[in-house]
Amino acid sequence: MLKSWVACVALAIAAAGPALAQEAAPPAEQAAPPAEQAAPPAEQATPSTATAPAEESLSQEQVTRAVVVLQAIVMAFESDDIQLEDKNAILLCIYENTLGAINDSVGTALALAEANAAAGVAGARKMDPSNHWDVISAVALVCEVPSVRPQP
Numbered sequence: 046m047l048k049s050w051v052a053c054v055a056l057a058i059a060a061a062g063p064a065l066a067q068e069a070a071p072p073a074e075q076a077a078p079p080a081e082q083a084a085p086p087a088e089q090a091t092p093s094t095a096t097a098p099a100e101e102s103l104s105q106e107q108v109t110r111a112v113v114v115l116q117a118i119v120m121a122f123e124s125d126d127i128q129l130e131d132k133n134a135i136l137l138c139i140y141e142n143t144l145g146a147i148n149d150s151v152g153t154a155l156a157l158a159e160a161n162a163a164a165g166v167a168g169a170r171k172m173d174p175s176n177h178w179d180v181i182s183a184v185a186l187v188c189e190v191p192s193v194r195p196q197p
């Protein structure tokens, strides 16, 4: 069951990754809906459309890091090197927190690791944001899963 779920998530990430990483504006014909489709009738309005907050604009760095974080999480779920309890703890963390919060915290953790390595802190090493093992290690740190360690 977990493998099929992971495969679905991996397929979705692979399909959405390039589209998420682009900052293309929608074509002019898609920019605004026709006037008759502008707002649903009151009786058809759903709570999500009635109370939807204004969309936030994400930076290209946030979008790119989110794609890498999701790819690293999928890789971790498919890996035999990570224990099932750790996979469950990461999944619970994703369930209880927003991807945005995890993504921002992972970015902070990677930046701190880089700063500590540059400052010569004993035992610190630079973590590569493009290395999935380093990213999943940062996710594990953020999600307080101590047994997940980076691969050598």
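Heads up, the final residue of the sequence shown is numbered 197 in the working numbering, and it's a clean run with no missing numbers. A virtual CB, placed ideally from N, CA and C, is assigned to each residue, including glycine.
**Request:** Would you mind stating whether Lys-171 and Ala-183 have Cβ atoms separated by less than 9 Å?
**Result:** no
**Message:** Out of Asn-133, Met-120 and Val-113, which one is the CA nearest neighbour of Asp-149?
**Reply:** Val-113
**From Val-119, Ala-111 and Ala-169, residue whose alpha carbon lies closest to that of Gly-152** = Ala-111
**Endpoints, the alpha helix (DSSP H) within which Asn-142 is located** = Per DSSP, Asn-142 belongs to no alpha helix (DSSP H) and is neither H nor E.
**Asked** Comparing alpha-carbon positions, which option in Ser-192, Val-187, Asp-173 and Leu-155 lies nearest Glu-141?
**Response** Val-187
**First through last residue of the alpha helix (DSSP H) which encompasses Arg-110** = 105-123
**Item:** Asp-125 classed as buried or exposed, judged by whether at least 16 other C-beta atoms fall within 10 angstroms
**Value:** exposed
**Request:** Starting from Ile-127, trace the alpha helix (DSSP H) both ways and give me its first and last residue.
**Result:** Note, Ile-127: premise wrong, no alpha helix (DSSP H); not H, not E.
**Prompt:** Would you call His-177 buried or exposed, if buried means 16 or more other Cβ atoms sit within 10 Å of its Cβ?
**Reply:** buried
**Nearest-angstrom beta carbon gap, Ile-127 and Cys-138 [assumed within contact, 8 Å]** = So it is not a contact: roughly 14 Å between Cβ atoms.
**Message:** Our contact map puts Ser-175 next to Asp-131 with C-beta atoms below 8 Å; I'd like the distance itself, whole angstroms only.
**Reply:** Their Cβ separation, rounded to whole angstroms, is 22 Å, which puts Ser-175 and Asp-131 out of contact at 8 Å.
**Request:** Closer than 6 Å by C-beta to Ala-121: which residues in its own chain qualify, once you throw out the five before and the five after it? Chain order, please.
**Result:** Ile-127 and Ile-181
**Asked** Leaving out the 5 sequence neighbours to the left and right, which residues in its chain are closer than 6 Å to Ala-185 when beta-carbon positions are compared?
**Response** Val-193
**Message:** Whole angstroms are fine: how far does the CA of Val-190 sit from the CA of Ile-118?
**Reply:** 13 Å
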